[in-house]
Amino acid sequence: AVRSGKVLKLTVLDERYRSALLCRPQQIALDPRSVKFLLGLGVDFDNMEGCWHNEHFFTRIGVFQEYLLSILEQKKQKVEIKVQLGTKFTEEYLQRISHNDWPRVIVVADGSCGDSCSVLGISSDYIVEPCHAYGANATIERSDQRQVPTPEIRAHSLYFDLSAYGVEALREHKNPTAKSGFHLKIYGTFRNRYMALACPTSDTKMVRYLRQTANSSIMKNIFHESFNAYKTDIEPRLNDVTLHHMQCSRRLFEVQLSHRRISAAYIEGENVAVIVEGEAARVLNFDTGFGVNLGMRGLESV
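Numbering (the working numbering), first residue to last: -11 to 290.
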């Protein structure tokens, strides 16, 4: 908005204070399309903590947002910019704004759990669509490891030996009618590791068992063994002592995309346009580290 030359005044609100906003450990992955979009806006990736791998840029969300805030600070000489951290967008906040100072455009990007849309009277109805896949997620937090961006690790066509749990599924993948095995991704920093496990929808014995099992230790063991098999050489293995640092899904779940039924509105009496972007507009129930790119798609169109 600032770089467009068409905006005279910009106000940025975030309910979190600066320290809480910038210290978040989650790592984001910007795909080539998002990188190209941001380069066109003047984002200098060479001056941002992160790493490149296969034309993707990996950095922590706090680092990325701190860089964007610094750009806004630099532009205050040309555009009237207010950054109000620790300020929630509420009806009370709107009532404090004089009628002459009301914005012409409001961009709602407060995540899937935000309530800014309800403040503006926009329906909270979502359309949920299947992604024809099952998935599970895991997180590992190890305070003794480095908090630096790390390229993701991917592995494909994985099959698991669950015979110890009474599931004889080893030979199923040899059936030419069976779909491919599991896909694994390990991502995040060494301190805050994340894992995503996914497979196409199918009705094989193994998939059916992992979707229905009440034994939470099965998924934990799968993530445990998968991490040790595909981790980088320079990070420590998980063992029985460090396994308690892991949290994971209890079973496979259906991966779904939810997108808001109404993502744009016009408040006629106030002459204000409202657009909803980011996870406030569309969100997966499955974490891949790539969710930020969904938000970039919307900003491209704006």
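Even glycine gets a Cβ: it sits at the ideal position worked out from N, Cα and C.
Classification of residue i by the beta-carbon crowding that lies within 10 angstroms, buried from 16 upward
i, result
"cysteine 101", "exposed"
"leucine 158", "Its pLDDT being 47, under 50, leucine 158 is placed unreliably by the model, and the measurement read from it follows with that caveat. Exposed."
"lysine 70", "exposed"
"proline 137", "buried"
"glutamate 117", "exposed"
"glutamate 61", "exposed"
"cysteine 105", "buried"
"serine 145", "exposed"
"isoleucine 222", "exposed"
"alanine 269", "buried"
"serine 86", "exposed"
Residue i - DSSP class collapsed to helix/strand/coil
i, result
"glutamine 304", "Residue 304 cannot be examined here, being either before or after the span of the chain that is shown, -11 to 290."
"phenylalanine 45", "strand"
"aspartate 149", "coil"
"tyrosine 81", "helix"
"threonine 165", "Reliability fails at threonine 165, whose pLDDT of 45 lies under 50, so the model's placement of it is uncertain and the value that follows must be treated cautiously. Three-state result, threonine 165: coil."
"glutamate 288", "helix"
"glutamate 129", "strand"
"cysteine 295", "Nothing can be reported for residue 295, as the shown portion of the chain is limited to -11 through 290."
"valine 23", "helix"
"lysine 63", "helix"
"asparagine 55", "The sequence given here has tyrosine at residue 55, not asparagine. Looking at tyrosine 55 - three-state DSSP - the assignment turns out to be helix."
"isoleucine 31", "Here residue 31 is valine; the residue named in the question, isoleucine, does not match the sequence. Here valine 31 sits in coil by DSSP."
"glutamate 265", "coil"
"glutamate 213", "helix"
"asparagine 180", "strand"
Close-in-space but distant-in-sequence residues of the same chain around residue i (CB under 6 angstroms, 5 per side omitted)
i, result
"cysteine 236", "Ala126, Met207, Lys208 and Phe211"
"isoleucine 141", "Ile174 and Tyr218"
"leucine 240", "Tyr122, Ala124, Leu198 and Arg199"
"proline 20", "Glu43"
"proline 13", "Asn180"
"glutamine 133", "Phe178 and Arg179"
"arginine 6", "Leu73"
"phenylalanine 278", "Ala17"
For residue i: DSSP bridge partner residues
i, result
"glutamine 244", "Pro118"
"cysteine 39", "Phe46"
"histidine 171", "Ala186"
"cysteine 347", "The displayed coordinates of the chain run from -11 to 290. Any statement about residue 347 would go beyond what the structure contains."
"isoleucine 16", "Thr47"
"valine 260", "Ile255"
"arginine 270", "His247"
"arginine 142", "Lys173"
Whole-number beta carbon distance between residue j and residue i, since they are thought to touch under 8 angstroms
i, j, result
"serine 246", "valine 280", "So it is not a contact: roughly 17 angstroms between Cβ atoms."
"valine 67", "valine -10", "5 angstroms"
"tryptophan 90", "glutamate 258", "6 angstroms"
"methionine 183", "phenylalanine 215", "6 angstroms"
"arginine 4", "isoleucine 115", "Wrong, their Cβ atoms sit about 29 angstroms apart, outside the cutoff."
"phenylalanine 170", "leucine 150", "Actually they are not in contact, since the Cβ atoms of phenylalanine 170 and leucine 150 sit about 12 angstroms apart, beyond 8 angstroms."
"glycine 99", "glutamate 267", "5 angstroms"
Any chain D beta carbon closer than 8 angstroms to residue i
i, result
"glutamate 43", "The structure shown has no chain D; it contains just one protein chain."
Cutoff 8 angstroms; reference residue i; Cβ partners in own chain excluding five residues on either side
i, result
"isoleucine 94", "Leu108, Val260, Ala261, Val262 and Ile263"
Other residues of its chain near residue i: CB distance less than 7 angstroms, five sequence neighbours each side excluded
i, result
"cysteine 119", "Val243, Gln244 and Leu245"
"lysine 63", "Val(-10) and Ile69"
"histidine 233", "Ile128, Glu129 and Arg130"
"leucine 29", "Arg(-9)"
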